Amino acid sequence: MFRERTPRHRLPRLLALGLALAALGASATTAEAQRRGNPVSVTQRGLVDRSVTLRVDAGPPDRTLLDSGKLGEGWGLRLIEIDRGRDEDDELALIWGVGVALSFADRVEIGLKAVPLRLDDDRGDDDVRFLDMEAYGRFVFFASRRVEIGGQLLLQFPTWDDFGMGFGVPLLFRLHERVRLDVGAELEIVFDDDVDGDGDDDVVANFDLPFALFINATPRFFFGGRSGVTVYDLDDVEVPVSAFVGYTVGRRHLADFTATFTWFGGDRDRQGVPDREWEAVLGVTGRFAL
Numbered sequence: 256m257f258r259e260r261t262p263r264h265r266l267p268r269l270l271a272l273g274l275a276l277a278a279l280g281a282s283a284t285t286a287e288a289q290r291r292g293n294p295v296s297v298t299q300r301g302l303v304d305r306s307v308t309l310r311v312d313a314g315p316p317d318r319t320l321l322d323s324g325k326l327g328e329g330w331g332l333r334l335i336e337i338d339r340g341r342d343e344d345d346e347l348a349l350i351w352g353v354g355v356a357l358s359f360a361d362r363v364e365i366g367l368k369a370v371p372l373r374l375d376d377d378r379g380d381d382d383v384r385f386l387d388m389e390a391y392g393r394f395v396f397f398a399s400r401r402v403e404i405g406g407q408l409l410l411q412f413p414t415w416d417d418f419g420m421g422f423g424v425p426l427l428f429r430l431h432e433r434v435r436l437d438v439g440a441e442l443e444i445v446f447d448d449d450v451d452g453d454g455d456d457d458v459v460a461n462f463d464l465p466f467a468l469f470i471n472a473t474p475r476f477f478f479g480g481r482s483g484v485t486v487y488d489l490d491d492v493e494v495p496v497s498a499f500v501g502y503t504v505g506r507r508h509l510a511d512f513t514a515t516f517t518w519f520g521g522d523r524d525r526q527g528v529p530d531r532e533w534e535a536v537l538g539v540t541g542r543f544a545l
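Just remember that my numbering sits 255 ahead of the position in the sequence shown, which is counted from 1.
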């Protein structure tokens with residue numbers, strides 16, 4: 256005789272519940288897409304790029320193991336002041352390094368510094384010098400929301416100087432959604448051709464301990480600083496202190512434009528090896544989702 260009707264006072268509640276469920280579903284979908292893609296903010300990225308990504312590095316791939324030490328640096332356009340000693344004037348070196356990298360399975364990355372060039376005329380012969388190529392592989396064996404730990408193997412090919420190997424451990428700590436700390440530790444082994452003048456090749460061991468802090472002021476604008484300690488031949492110490500700024504453009508495909516200035520300090524008395532006084536770097540790193 257009487258049809259059941261939903262009381263009018265329940266309709267707003269049912270509508271609110273439906274909207275909440277829809278928002279929850281959309282949030283889950285967005286979170287899944289974010290998990291699979293590369294975040295715009297650098298502080299939300301990992302030790303390797305997420306999903307399958309081709310990266311073109313005309314700037315530093317990271318700010319620790321791939322931007323510090325004897326091995327694993329040199330990406331981007333770099334203007335360097337070199338101290339040649341008391342009897343010689345300082346010189347300016349212009350170096351340009353470009354590479355490519357491929358990440359897959361959310362945990363593996365392989366990369367190559369393919370075009371390492373010295374562009375200034377330091378020898379008076381107007382020739383561009385092709386420096387040492389490098390290849391590396393990185394694997395993330397632990398990843399959580401706040402911490403990531405990986406392993407890295409780097410090889411330097413003697414296309415100009417010496418063969419070398421680097422065994423490193425990169426670490427990442429997300430201190431806040433807009434603050435990230437990267438730390439690295441690496442043992443470098445360089446087979447130096449006759450470093451002491453005795454006619455024999457020498458094995459030189461270097462230890463590199465860099466760290467870098469990233470801050471996203473906005474989702475796209477970031478800045479930070481880097482420092483650490485590099486011990487050359489387990490004797491001479493170099494302490495770089497740098498500041499960098501950057502801006503990210505794009506959505507599915509991203510590009511980071513960066514500028515860096517580094518001052519090099521420490522007790523650097525390596526005979527026959529020129530010391531860097533300062534370095535200015537301009538770079539761009541492009542990420543292409545495949």
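For every residue, glycine included, the Cβ atom is placed at its ideal position computed from N, Cα and C.
No experiment lies behind these values; they were computed from the predicted model shown.
Exposed or buried, what is Ser399 when buried is set at 16 or more other beta-carbons lying within 10 Å of its beta-carbon? The residue in question, Ser399, is exposed, as its Cβ has fewer than 16 Cβ neighbours within 10 Å.
Quickly, what does DSSP pair Pro315 with across the bridge? List them, please. Bridge partners of Pro315: none, in fact.
C-alpha distance - Val504 paired with Asp387, whole-angstrom precision: 31 Å
Does the pairing of the segment 457-468 with the segment 429-449 give three or more beta-carbon distances under 8 Å? They touch, by the three-pair rule.
Under 7 Å Cβ to Cβ from Leu545, same chain only, skipping five residues before and after it: list those, please. Val307, Thr308, Leu309
Pairwise C-alpha distance: Val536 and Gly423: 24 Å
Taking the alpha carbon of Phe412 as the reference point, which residue from Ile365, Ile444, Ala390, Ala313 has its own alpha carbon closest? Phe412 has its Cα closest to that of Ala390, out of Ile365, Ile444, Ala390, Ala313.
When the Cα of Leu320 is compared with those of Gly406, His508, Gly520, Trp518, which residue comes out closest? Gly406
Roughly how many angstroms lie between the CA atoms of Ile335 and Asp490, to the nearest whole one? Computed Cα separation, rounded: 23 Å.
Assuming Gly538 contacts Pro315 (C-beta within less than 8 Å), just tell me the rounded distance between them. 6 Å
What residue does the beta strand (DSSP E) around Asp416 start on, and which one ends it? Here Asp416 belongs to no beta strand (DSSP E), and DSSP marks it neither H nor E.
Do Gly541 and Val370 have their C-beta atoms within less than 8 Å of each other? Gly541 places its beta carbon 8 Å or farther from that of Val370.
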